[in-house]
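Participant: What follows is a single structure, and I will ask about it in a moment.
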Amino acid sequence: MFDLHCHYLPGVDDGAETLAEGLQLAAAAVADGIEGAVLTPHVHPGRYENTHSTLRPHFEAFERALAEARIPLEIRLGCELRLTGESIELLELDEVPMLGRWNREPVVLLEFPHDTVPVGAQQAVEHLLTRGYVPMIAHPERNRALIRDPLKLRPFIEAGCLAQLTAASVCCHFGAALQRTAFAMLEQGWIAVVASDAHNLEHRPPVMTQAREALTARYGPEVAHRLTVEVPRTIFRA
């Protein structure tokens, strides 16, 4: 499997705090069947002041540590970009690392605030699309406005965005309401990938195998393969 959303890079956001924790998460990912992962630290001006330039040295050090620890996880640097005016400016400065490419266009993992779909969000993603970026909306099933009304996601998908579910939501680890929302979005055909969004081993571990099994049981092996292997691998390898 290929995981396009995880927080293993230590000391840069609310994910792994130390190198040891980051390596433990990477080892757990491999044990869970993950072959490649995009490390996606938060880029959130005003909270996590990360940029491509500041993250790259951390990533390269982590890549070396993985090799030294003989953890066979292929990694690349991406980010989880909070949708704000300042973050759009970082994109214009080429300071936002991408997940990979989809249909030859760079894919940016875009996070909405947890409570709302912000005013102007649709105009913002259309702005990105016209400039050749493909926004992938992170964990829409965990957004409270979209839990209340999953159909609010439709305009973003119709505009050309991708969307990513969290594996733990599919497995019902975050409760029945989020699982119902995740299934509703899947059944509309709006979801491109399932990713771990793993942060730590205690509360937010990688559970991609469990998610794949849940998807297989409900939708069949072809859907599970597409969401956890085929589409994320295509983006990762591009």
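FYI, in my numbering the residues of the sequence shown are 8 to 245. Glycine included, every Cβ here is placed at the ideal spot set by N, Cα and C.
(1) Quick one: Cα of M192 to Cα of A145, how far?
(2) Classify D204 as buried or exposed, calling it buried when 16 or more other Cβ atoms lie within 10 Å of its own Cβ.
(3) Roughly how many angstroms lie between the CA atoms of Q129 and R219, to the nearest whole one?
(4) Can you round the beta-carbon distance between T47 and G18 to whole angstroms, since I take them to be within the 8 Å contact cut?
(5) Going by beta carbon distance, what residues of the same chain come within less than 6 Å of L135, once the five residues before and after it are set aside?
(6) So, do the region 22-37 and the region 68-82 have three or more beta carbon pairs nearer to each other than 8 Å?
(7) Could you check whether K159 and A152 sit closer than 8 Å to each other, using their CB atoms as the reference points?
(8) Taking the beta carbon of G22 as the centre, do at least 16 other beta carbons fall within 10 Å, making it buried, or is it exposed?
(9) Within the continuous alpha helix (DSSP H) that includes L32, where are the two ends?
(10) Assuming the contact rule is C-beta atoms closer than 8 Å, V37 and L98 should be a hit. Round their C-beta distance to whole Å, please.
(11) Consult DSSP for M143 and reduce its assignment to one of helix, strand or coil.
Facilitator: Taking the structure as given:
(1) For this step, residue 192 is matched to residue 185 along the sequence shown. For this step, residue 145 is matched to residue 138 along the sequence shown. Those two C-alpha atoms are separated by around 13 Å.
(2) What you label residue 204 is simply residue 197 of the sequence shown in a count that begins at 1. D204 should be labelled buried.
(3) On the sequence shown, residue 129 is found 122 positions in, with the first residue counted as 1. On the sequence shown, residue 219 is found 212 positions in, with the first residue counted as 1. Distance between the alpha carbons of Q129 and R219: 31 Å.
(4) Here residue 47 corresponds to residue number 40 of the sequence shown, with the count starting at 1. Here residue 18 corresponds to residue number 11 of the sequence shown, with the count starting at 1. Going by Cβ atoms, the distance from T47 to G18 rounds to 15 Å, so no, they are not a contact pair.
(5) Against the sequence shown, residue 135 aligns to sequence position 128. Excluding positions up to five away in sequence, the list reads P142.
(6) yes
(7) Taking the sequence shown and counting its residues from 1, the one referred to as residue 152 is at position 145. Taking the sequence shown and counting its residues from 1, the one referred to as residue 159 is at position 152. Cβ distance < 8 Å, so A152 and K159 count as in contact.
(8) One-based indexing of the sequence shown puts residue 22 at position 15. With 16 or more Cβ atoms within 10 Å of its Cβ, G22 is classed as buried.
(9) Along the sequence shown, one-based indexing puts residue 32 at 25. Run containing L32: 26-38, per the alpha helix (DSSP H) assignment.
(10) What you label residue 37 is simply residue 30 of the sequence shown in a count that begins at 1. What you label residue 98 is simply residue 91 of the sequence shown in a count that begins at 1. About 32 Å; that fails the 8 Å criterion.
(11) What you label residue 143 is simply residue 136 of the sequence shown in a count that begins at 1. Correct three-state label for M143: strand.
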